[in-house]
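What follows is a single structure, written as structure tokens, with notes after it.
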Amino acid sequence: MQLAKEVKYLIHKEVLLEWRSKYTINGVLLYVVSTIFTCYLSFVSLGDKLTWNALFWIIMLFASINGVSKSFLQETKGQQLYSYILASPAAVLISKTVYNTLLMLVLTTIALGFYTLVFDSFTPPDMILYYVAVVLGSMSFSTVFTMVSAIASKAGNGGMLMAILSFPIIIPVLILLIKLAKNAVDGLPWENSYDEIAMLLVVNVLMVATSLLLFPYLWRD
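Heads up: the sequence shown is residues 1 to 221, going by this note's numbering.
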């Protein structure tokens, strides 16, 4: 019960800080909209749904890096000390992960809507399955980059460490997401996508479990 109260309070704090500054949302939305429009001007003549799908996930990957990876890196020592006194390490990590997941879900939903509006002729036949891939992608990017951001924040060169640590984890996740989304683009039955959905759920569970085990040791430093 105490953990739930701490998580609720910390999520409220994150939402309030973001609402006051709107730095992350505005920055990521500007990046997404400008990138989608640039891709439209450059690749619309290709007329290939596979290119449509690959471009969307590349945009979402870099949008998540811009949005999620700063969750710990942008905090000052004073803010970290305040959170350290206020709540347990598990509450801090869970609140960051939940907030980042919700943030990415909102941003990816807006991006998918704008993407399908711009590339209207390449809309996937199975839009529900594609949105399932978007939800799983938001969860996966958030769990991976939140933990990596926590580790990188304790190092001197956080940006470099972010790239080194996240690359071997995010590439297999990205491959699974592209394959799952491709099934939606091809209009295949849901039975063909159960393996990818299960693997992505397992990756998320493992990342959260590993994060909860390791984060208390990082939080003490």
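All residues carry an ideal CB built from backbone N, CA and C; glycine is no exception.
Predicted model, so just to flag it, every value in this text is computed and none were measured.
- Counting along the chain, Ala87 sits inside no alpha helix (DSSP H), nor does DSSP assign it H or E at all.
- With a contact defined as Cβ atoms closer than 8 Å, Thr35 and Ile65 miss out at about 13 Å.
- Judged by beta-carbon spacing, Leu136 lies within the 9 Å limit of Ile197, meaning their Cβ atoms are closer than that value.
- Using a Cβ distance threshold of 9 Å, Ile170 and Phe141 count as a contacting pair.
- Using a 10 angstroms sphere on the CB of Ile164, the tally of other CB atoms stays under 16, which defines it as exposed.
- Counting only the Cα atoms, Tyr40 lies some 7 Å from Phe119.
- Annotated three-state conformation of Thr38 is helix, per DSSP.
- DSSP places Phe119 outside both helix and strand once states are collapsed to three, so it counts as coil.
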